[in-house]
């Protein structure tokens with residue numbers, strides 16, 4: 001499927017990526033169109049250059065926002081991302097879990113969206129670092145750590161069930177297996 005945007009004064013867009021491309025063009029981007037490949041990757045087409053591949057539309061939008069310095073116009077995308085997470089019930093200490101869960105999901109989603117078909121050593125180290133950082137920041141007890149870990153595992157099991165492609169399901173399954181192997185004593 002191919003999507004092409006033109007630079008007319010049209011104010012409605014089919015999706016966010018079209019809007020971002022239009023604004024990037026105003027700042028000098030020479031983007032002719034974008035497409036989505038059969039395996040779900042987003043491709044940005046620029047004349048006389050090789051196409052640029054992104055793992056998702058979100059990754060393409062994020063890259064263009066930063067490349068063409070549109071962050072001030074789309075700051076709301078970054079500020080509201082962790083707020084859309086459903087918190088699980090508070091147990092143990094009185095600390096609110098929503099910020100803990102939001103931080104965990106935000107960091108893990110970023111890792112998953114940027115990983116290849118395999119769970120590489122780099123991704124494992126980054127995930128371990130993220131979990132370690134969250135554990136030390138929130139000073140989690142062993143039961144709180146277990147609740148947090150179970151929250152992430154259940155969240156990604158749900159994502160596995162909803163995944164549109166076999167490749168994405170395998171990514172989530174590898175990610176879940178690695179999450180299950182992490183213990184608080186390792187951190």
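Residue numbers (my numbering): 1 to 187. Idealized CB from N, CA, C, for every residue including glycine.
By Cβ distance below 7 Å, which residues in the same chain neighbour residue i in space, the five residues on each side in sequence not counted?
i, result
"residue 175", "112, 119, 156"
"residue 16", "61"
"residue 123", "111, 115"
"residue 30", "46, 47"
"residue 178", "119, 124, 127"
"residue 37", "43"
Using the C-alpha atoms, what's the distance from residue j back to residue i?
i, j, result
"residue 135", "residue 125", "15 Å"
"residue 55", "residue 40", "7 Å"
"residue 138", "residue 72", "30 Å"
"residue 102", "residue 167", "25 Å"
"residue 19", "residue 164", "25 Å"
"residue 99", "residue 48", "45 Å"
"residue 59", "residue 158", "22 Å"
"residue 34", "residue 57", "10 Å"
"residue 77", "residue 14", "17 Å"
"residue 169", "residue 181", "19 Å"
"residue 75", "residue 117", "30 Å"
"residue 129", "residue 21", "34 Å"
"residue 146", "residue 105", "15 Å"
Tell me which residues share the same chain as residue i and place their Cβ nearer than 6 Å to its Cβ, disregarding the 5 neighbours each side in the sequence.
i, result
"residue 142", "184"
Could you round the C-beta distance between residue i and residue j to whole angstroms and report it? I think they count as a contact, below 8 Å.
i, j, result
"residue 53", "residue 65", "Their Cβ separation, rounded to whole angstroms, is 17 Å, which puts residue 53 and residue 65 out of contact at 8 Å."
Mind the definition here: the segment 15-29 touches the segment 145-165 only if three or more C-beta pairs lie below 8 Å; say whether that holds. By the Cβ test, the segment 15-29 is not in contact with the segment 145-165, since fewer than three Cβ pairs between them sit closer than 8 Å.
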